[in-house]
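Residue numbers (this note's numbering): 1 to 332.
Beta carbons: idealized from backbone N, C-alpha and C, even for Gly.
Predicted model only: the values in this text are computed from it and were never measured.
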Amino acid sequence: MAMYAIGLSVLQEEISYENTQVKQVAYADDLTGAGKISELRKWWDLVKKNGPTIGYTPNATKSILIVKPEHYEIGMRLFRDSGVTVTKDGQRHLGAVIGTPEFKQKYVEEKVSEWVKEVGVLSDIAKTEPHAAYSVFTHGLQHRWSFVKRTIPGISRLLRPLEESIRKTFLPALLKTNFIIGNYVRELLSLPPRLGGMGITSPEEMAEEENRDSIHLIRSLTERIIAQDAKGETDQNAVLGLKKTMSRNRQNAQVERLERLKDVMPIETVKKISHSQETGASNWLTCLPIRAKASASTNKNSYDCRCSEYGWPVEGLPKTCVCGDQHNSTIQ
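Below, the structure is given as structure tokens:
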């Protein structure tokens with residue numbers, strides 16, 4: 001990709017802001033420009049003229065002009081013979097979306113609907129293969145919506161159906177519980193395993209924070225794009241330092257949440273969570289379920305371990321222990 005960027009820089013010199021008054025940025029072969037519609041038409045013509053000579057052939061049928069509703073007619077008139085699609089609603093762009101609030105909402109709702117279906121399928125698998133389903137969710141599925149959370153602001157409420165699917169469908173199937181997943185249990189399960197949780201985060205709760213962190217993290221790059229500063233470089237050490245600060249703040253917030261939860265949880269549950277925070281105590285949960293390496297938990301073992309960890313009733317136990325006491329998950 002670096003070599004492609006070097007080659008594309010030749011074209012960008014011809015269509016630079018100084019020559020076209022169009023602010024632009026390129027990511028691989030995705031070239032994006034922003035400015036007045038009349039200037040964008042001149043910019044598009046320059047791309048068509050100079051691109052093919054360096055191996056960059058623009059495809060009008062895959063190119064979209066996004067305009068404000070009040071400028072739609074002007075856009076249609078200026079680009080009527082270009083083959084470029086003109087829209088006043090919006091368009092998906094590099095995994096995110098640009099457009100009106102209504103278009104953004106529709107885009108996110110469609111993505112959420114797709115993810116809810118995937119959570120439903122994984123929930124069915126969790127009933128027979130809980131360890132595998134857990135690994136798929138934490139190592140794969142829940143990262144499907146990470147990019148959308150980081151790049152599209154104000155979508156917490158739109159992610160609520162996804163959170164409801166996780167809470168009411170996936171978690172009961174994974175934990176084999178008959179009780180309703182309450183707020184404090186859900187918050188506990190969203191904590192990382194090293195703090196006694198399961199790392200099953202809430203997309204609704206995390207959306208605003210991740211979007212805010214993303215904006216802060218790329219602020220210097222954003223400012224250079226807006227200023228069309230092609231010569232400057234982003235201070236990678238500063239970015240790394242910012243990442244470490246964000247990670248530290250997130251970990252501190254998680255510890256504070258756990259301490260707050262301890263005030264409302266039963267004392268036996270608090271004790272068990274303290275045990276699960278010991279070094280290596282959560283390895284059985286976080287390791288990948290690979291049978292060849294003997295790291296896969298059976299259906300029964302997986303359920304029993306989770307119930308024992310949180311002090312929940314364990315199915316299949318006899319009513320009384322050999323010592324004569326009533327059998328439960330805390331008996332020694």
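Could you tell me the alpha carbon to alpha carbon distance between residue 228 and residue 186, rounded to whole angstroms? 45 Å
Do the segment 244-254 and the segment 90-105 touch if we need at least three Cβ pairs shorter than 8 Å? no
Helix, strand or coil for residue 231 per DSSP? coil
From the DSSP output, in three-state form, read off residue 6 for me. DSSP places residue 6 in helix when its eight states are reduced to three.
Quick one: grab the DSSP three-state call for residue 22. coil
When you compare only the Cα positions, how much space is there between residue 8 and residue 231? 15 Å
Between the Cα of residue 70 and those of 89, 208, 57, 54, spot the shortest distance and give me the residue it belongs to. 89
Under a three-way DSSP split, which group does residue 65 fall into? strand
Nearest to residue 364 (by Cα), restricted to the options 15, 324, 137: Since the displayed the chain opens at 1 and closes at 332, residue 364 lies outside it and no answer follows.
Can you tell me which residues form a DSSP beta bridge with residue 85? In the DSSP assignment, the residues bridged to residue 85 are 64.
How is residue 119 classed by DSSP in three states: helix, strand or coil? helix
Using the Cβ count rule (16 or more neighbours within 10 Å means buried), how would you classify residue 157? Within 10 angstroms of the beta-carbon of residue 157 lie fewer than 16 other beta-carbons, which makes it exposed.
The beta strand (DSSP E) spanning residue 91 covers which residue range? 90-93
Are the CB atoms of residue 162 and residue 203 nearer to each other than 7 Å? Yes, the Cβ-Cβ distance between residue 162 and residue 203 is below 7 Å.
Quick one: give me the first and last residue of the alpha helix (DSSP H) that residue 217 is part of. Counting along the chain, the alpha helix (DSSP H) containing residue 217 begins and ends at 203-217.
Residue 197 versus residue 270 - alpha carbon distance: The alpha-carbon atoms of residue 197 and residue 270 are separated by roughly 12 Å.
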